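These notes concern the structure reproduced below.
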Amino acid sequence: MIEIKNLHASVDGKEILKGIDLTINPGEVHAIMGPNGSGKSTLSYVLAGRDGYEITEGSVSFLGKDLLEMEPEERAAAGLFLAFQYPVEIPGVANTTFLKSALNAIRKKRGEPELDAMQFLKLVREKTKALSMTDEMLKRAVNVGFSGGEKKRNETLQMAVLQPKFAILDETDSGLDIDALKIVAEGVNALRSPERSMLVITHYQRLLDYIVPDHVHVLAFGKIQRSGGKELALELEKNGYAEFGVNEAA
Amino acid sequence: MAATTETVEQVRAVTEQKYKYGFTTDIESDVAPKGLNEDTVRFISAKKEEPEWLLEWRLKAFRVWQEMEEPRHWAKLSYPPIDYQDAHYYAAPKTKDRPKSLDEVDPELLKTYEKLGIPLREQEILAGVEGAEGKSPAIAVDAVFDSVSVATTFKAKLEEMGIIFCSISEAVHKCPELVQKYLGSIVPYTDNFYATLNCAVFTDGSFVYIPKGVRCPMELSTYFRINQANTGQFERTLIIADEGSYVSYLEGCTAPQRDENQLHAAVVELVALDDAQIKYSTVQNWYPGNAEGVGGIYNFVTKRGACRGRNSKISWTQVETGSAITWKYPSCILQGDNSVGEFYSVAITNNFQQADTGTKMIHIGKNTRSTIVSKGISAGRAQQTYRGLVKILPKAEGARNHTQCDSLLIGDQCGAHTVPYIENRNRTARVEHEATTAKISEDQLFYCRQRGLSEEDAVSLIVNGFCKEVLKELPMEFAVEAQKLVGISLEGSVG
Ligand SMILES: Nc1ncnc2c1ncn2[C@@H]1O[C@H](COP(=O)(O)OP(=O)(O)OP(=O)(O)O)[C@@H](O)[C@H]1O
Ligand SMILES: [Mg+2]
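One line per chain: the protein sequences are A and B, in this order.
For the first sequence, the residue numbers in our numbering are 1 to 250.
For the second sequence, the residue numbers in our numbering are 251 to 745.
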């Protein structure tokens with residue numbers, strides 16, 4: 001699905017990613033854990049194609065294509081989705097309008113027919129219900145006035161509607177109450193399939209009880225320091241990141 | 251064609267295709283000689299076979315105008331001096347009689363309306379074919395081509411209800427009492443440089459009269475088109491809503507792309523009597539000039555509505571995307587007790603466009619209320635100013651105003667300015683003013699693009715969200731078109 005090789009990236013001349021190697025096969029779910037500021041979100045932004053990052057070394061191939069050469073919207077059309085750690089507010093634009101424009105833009109780029117208002121509404125209603133969200137939230141402006149948890153749920157809804165091939169979830173669990181966590185996790189699990197891969201960034205092993213990963217990686221100082229199975233998350237929870245030279249107080 | 255000229259032509263075609271109304275119509279026209287003097291005024295009046303009082307009024311205005319100075323100091327606009335002698339003040343497509351069937355209408359005129367995207371059935375009507383009018387129209391159109399009204403649709407149907415909708419030249423003959431009573435009664439011939447010029451040389455425009463208690467069953471609309479080169483367009487619109495009546499009126503405008511600037515100085519007067527309501531919407535899309543700032547329309551417009559009667563209401567809704575320069579302050583004079591004035595505006599300036607626009611709300615009667623919502627969007631090197639006056643006179647007990655004025659900047663070479671003037675002479679009155687300035691953030695753009703939207707679609711979506719409060723005031727039929735226009739006007743503004 002995606003193959004990241006020796007990826008180095010800097011912001012404003014400061015190197016944040018210092019040689020990331022990561023391969024995710026179709027159907028796999030990988031989790032990344034790591035201390036604050038270690039570069040997790042930076043990795044997700046670089047993969048999604050955000051401006052302002054300089055790639056100094058390395059390569060990323062996504063479904064056989066050179067990901068780094070593509071515009072963000074091309075990456076989206078190719079099936080890459082990022083659930084933002086901090087979802088962005090767009091005043092005045094109804095959630096449904098936003099989602100419909102996004103879905104149809106992607107379908108158009110893929111050469112698929114666009115959905116009309118009725119077809120779209122049916123689809124979105126179904127997904128909304130599965131995530132225990134209200135229709136009222138669909139009518140509201142994108143993320144405006146949403147609580148932290150509602151924003152995360154909204155990200156999950158967008159993912160469910162857009163049906164990406166590869167989804168990066170950047171701390172989608174933070175800010176969710178216990179029930180919401182379960183609902184969101186169910187939503188994510190519903191998307192799991194042999195053709196779909198996920199990269200789940202989290203600070204809490206609790207999430208991984210619900211979304212059970214195939215692999216867990218520790219990212220610190222811009223590098224993957226260690227990789228393992230689900231048990232690695234449990235170990236981290238117990239011992240923290242001291243083993244990787246991270247001062248707990250920092 | 252030499253290779254270089256060909257390239258230049260191609261580049262031109264590509265860069266200018268964004269203004270899709272930029273074509274010209276090759277049509278035989280009746281044009282007044284260039285220049286402006288009393289003879290020009292007499293020429294126009296004679297062409298229209300006007301009564302003596304109107305010619306006299308025009309001449310009075312012309313004499314006043316000659317003594318006036320162009321208002322160049324207070325508005326935040328800069329442009330080279332306009333040579334008022336270097337323009338034609340009258341241009342009309344040559345026609346013999348009113349065409350009886352589609353075959354008799356000049357095919358070039360037909361094609362023009364087709365290209366402007368006016369649907370065929372409506373287009374047949376626009377070209378003035380008698381009898382082609384449909385059964386349940388949603389909209390009646392008056393089409394003004396250069397200086398004259400070429401056709402008005404659904405006149406007969408409206409007349410059954412006593413509604414008069416025709417060109418103002420026709421109204422002068424058809425209902426002279428009404429025209430004489432109200433013309434210049436809201437915007438006097440001494441009002442301001444451009445309005446006074448308009449009084450002297452106005453050529454056509456629309457006239458509407460809604461009789462007592464009648465709710466006009468369809469949208470009335472005027473479609474203005476400047477075609478002829480070096481012509482100024484001076485139209486004059488007069489709408490009278492008699493007691494207890496209601497009308498929704500829309501004007502749309504386009505012009506061909508030309509390298510020289512063209513002057514457009516219109517006057518619109520509205521009168522609402524007791525319990526009457528006028529909703530006046532504008533989608534202004536005059537040619538804005540090219541990306542380098544060459545060409546475009548100079549749009550100097552005076553629009554004013556008088557809420558003469560008790561409980562009357564006038565709403566201005568405008569979407570201003572075109573013109574090289576816009577100078578425009580649709581206003582409400584709230585004379586009648588409990589009368590209401592509203593101003594909803596979206597103004598978009600891109601590249602080198604300049605706009606100095608806003609409104610005036612003059613509260614005279616008791617418990618008069620006004621609402622101002624202005625959304626300004628600037629991109630490229632455009633400059634935009636919101637200029638608004640809220641004036642509460644001593645007798646306006648309990649008057650209230652709320653002003654919301656938001657600016658959105660795209661890029662860092664454009665500017666937005668807010669100049670509110672508030673004059674409150676009544677202690678019981680309440681005036682509120684809120685203003686915000688924001689930028690389209692990188693975060694918003696990236697978020698949209700991550701979801702699959704192109705950068706241009708993202709800008710269009712974000713800007714439409716920003717203007718939503720105003721766009722929702724437009725009649726349904728035009729809201730969709732306006733939304734698209736918002737996107738088109740901002741093409742090339744990012745990246
Ligand atoms: N524009 C920038 N200029 C300078 N430093 C930046 C910039 N953007 C990010 N950084 C730095 O890069 C580092 C990595 O940030 P990143 O957001 O990727 O961390 P993270 O692992 O996602 O942390 P968290 O767990 O808190 O979300 C941080 O030290 C951050 O301050
Ligand atoms: Mg982060």
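Cβ coordinates follow ideal geometry from the N, Cα and C atoms, glycine included.
The structure presented is a predicted model; accordingly, all values stated were derived computationally and were not measured.
Quiz item: For VAL218(A), which residues in chain B fall below 9 Å Cβ to Cβ?
Solution: Residues of chain B passing the Cβ test: none, with the nearest at roughly 26 Å.
Self-check item: DSSP bridge partner residues for TRP577(B) (one or two, in chain order)
Solution: PHE550(B) and ASP606(B)
Quiz item: Beta carbon of CYS655(B), beta carbon of SER624(B): below 9 Å?
Solution: Cβ distance < 9 Å, so CYS655(B) and SER624(B) count as in contact.
Self-check item: chain A contacts from the stretch 701 to 716 of chain B (Cβ-Cβ distance under 8 Å)
Solution: If you check each beta-carbon in the stretch 701 to 716 of chain B against every beta-carbon of chain A, the ones closer than 8 Å belong to ARG701, GLY702, LEU703, SER704, GLU705, ASP707, LEU711, ILE712, ASN714, GLY715 and PHE716.
Quiz item: Where GLY13(A) and GLY222(A) are concerned, what is the direct C-alpha to C-alpha distance, given to the nearest angstrom?
Solution: 14 Å
Exercise. Find the nearest neighbour of GLU427(B) within the set ILE490(B), SER562(B), THR472(B) and HIS514(B), judged by alpha-carbon distance.
Key: Minimum Cα distance to GLU427(B) is reached at ILE490(B).
Quiz item: So MET1(A) is in the beta strand (DSSP E); what residue range does that whole segment cover?
Solution: Unbroken run through MET1(A): none, as it is neither H nor E.
Exercise. Taking LEU82(A) as the query, report the chain B residues whose CB atoms sit under 7 Å from its CB, ordered along the chain.
Key: GLN700
Quiz item: So what's VAL212(A) in DSSP terms, helix, strand or just coil?
Solution: The answer is coil: DSSP assigns VAL212(A) none of H, G, I, E or B.
Quiz item: What residues from the stretch 679 to 696 of chain B come within 8 Å of chain A, judged by C-beta to C-beta, listed N to C?
Solution: SER691, GLU692, ASP693, GLN694 and PHE696
Quiz item: Quick one: which chain A residues come within Cβ less than 9 Å of LYS529(B)?
Solution: Within 9 Å Cβ-Cβ: nothing; LYS529(B) doesn't reach chain A, min ~22 Å.
Exercise. Leaving aside the five residues before and after VAL429(B) along the sequence, list all residues of the same chain whose C-beta is less than 6 Å from its C-beta, in chain order.
Key: ALA421 and VAL422
Practice problem: Name, going along the chain, the residues of the stretch 76 to 102 of chain A whose beta-carbon falls closer than 9 Å to a beta-carbon of chain B. | Solution: So the close ones are ALA76, ALA77, LEU80, PHE81, LEU82, PHE84, TYR86, PRO87, VAL88, GLU89, ILE90, PRO91, GLY92, VAL93, ALA94, THR97, PHE98, LEU99, SER101 and ALA102.
Quiz item: Which of the residues in the stretch 716 to 740 of chain B, read from start to end, lie with their CB under 8 Å from any CB of chain A?
Solution: PHE716, CYS717, LYS718 and GLU719
Quiz item: Beta carbon of ALA31(A), beta carbon of LEU157(A): below 9 Å?
Solution: no
Self-check item: Near ligand 1: GLY39(A) beta-carbon under 8 Å from a heavy atom
Solution: yes
Practice problem: Determine, using beta carbons only, whether LYS139(A) comes closer than 9 Å to chain B. | Solution: Taking 9 Å as the threshold, the shortest C-beta distance from LYS139(A) to chain B does not fall below it.
Exercise. Determine which residues of the stretch 102 to 131 of chain A have a Cβ less than 8 Å from any Cβ of chain D, and write them out in chain order.
Key: Among the chains of the structure shown, chain D does not appear; the protein chains present are A and B.
Quiz item: Taking the alpha-carbon positions, what's the GLU519(B) to ARG558(B) distance?
Solution: 12 Å
Quiz item: Helix or strand or just coil, what does DSSP make of ILE413(B)?
Solution: coil
Self-check item: C-alpha gap between ILE24(A) and SER61(A), whole angstroms
Solution: 11 Å
Quiz item: Quick one: does GLY58(A) have its CB under 9 Å from some CB of chain B?
Solution: no
Quiz item: Just how far apart, CA to CA, sit ALA732(B) and TYR594(B)?
Solution: Rounded to whole angstroms, ALA732(B) and TYR594(B) show a C-alpha spacing of 14 Å.
Exercise. Can you tell me the Cβ-Cβ gap for PRO538(B) and GLN483(B), rounded? I've got them flagged as a contact below 8 Å.
Key: In fact, because the Cβ distance is near 16 Å, the residues do not count as touching under 8 Å.
Quiz item: Roughly how many angstroms lie between the CA atoms of PRO438(B) and ASN540(B), to the nearest whole one?
Solution: 35 Å
Exercise. May I ask you to report which of helix, strand or coil DSSP gives GLY715(B)?
Key: Helix, per DSSP.
Exercise. Take LEU523(B) as the anchor and find which of HIS683(B), ILE460(B) and GLU570(B) has the nearest alpha-carbon.
Key: ILE460(B)
Quiz item: Which residue's Cα is closest to the Cα of PRO709(B): PHE696(B), GLU719(B) and VAL720(B)?
Solution: For the record, residue 709(B) in the displayed sequence is Val; it is not Pro. Taking only the C-alpha atoms, the option nearest VAL709(B) is PHE696(B).
Quiz item: Between the stretch 651 to 665 of chain B and the stretch 686 to 696 of chain B, do at least 3 Cβ pairs fall closer than 8 Å?
Solution: yes
Practice problem: Can you tell me which of TYR473(B), GLY615(B), GLY494(B) and LYS578(B) puts its alpha carbon nearest to the alpha carbon of GLY638(B)? | Solution: LYS578(B)
Self-check item: GLU662(B) Cβ short of 8 Å to ligand 2 heavy atom set
Solution: Note that residue 662(B) is Asp in the sequence shown here, rather than Glu. Result no, Cβ not under 8 Å from ligand 2.
Practice problem: Between the Cα of LEU236(A) and those of ARG206(A), THR128(A) and ASP177(A), spot the shortest distance and give me the residue it belongs to. | Solution: ARG206(A)
Self-check item: Reference ARG140(A); option with closest CA among LYS718(B), PRO725(B) and SER589(B)
Solution: Looking at the Cα atoms, LYS718(B) is the closest of the given residues.
Quiz prompt | Coil, strand or helix - ALA688(B) by DSSP | solution = strand
Exercise. Kindly list the residues whose CB is nearer than 6 Å to the CB of ILE612(B), restricted to its own chain and excluding five residues on each side of it in sequence; keep chain order.
Key: The residues are ILE583 and LYS641.
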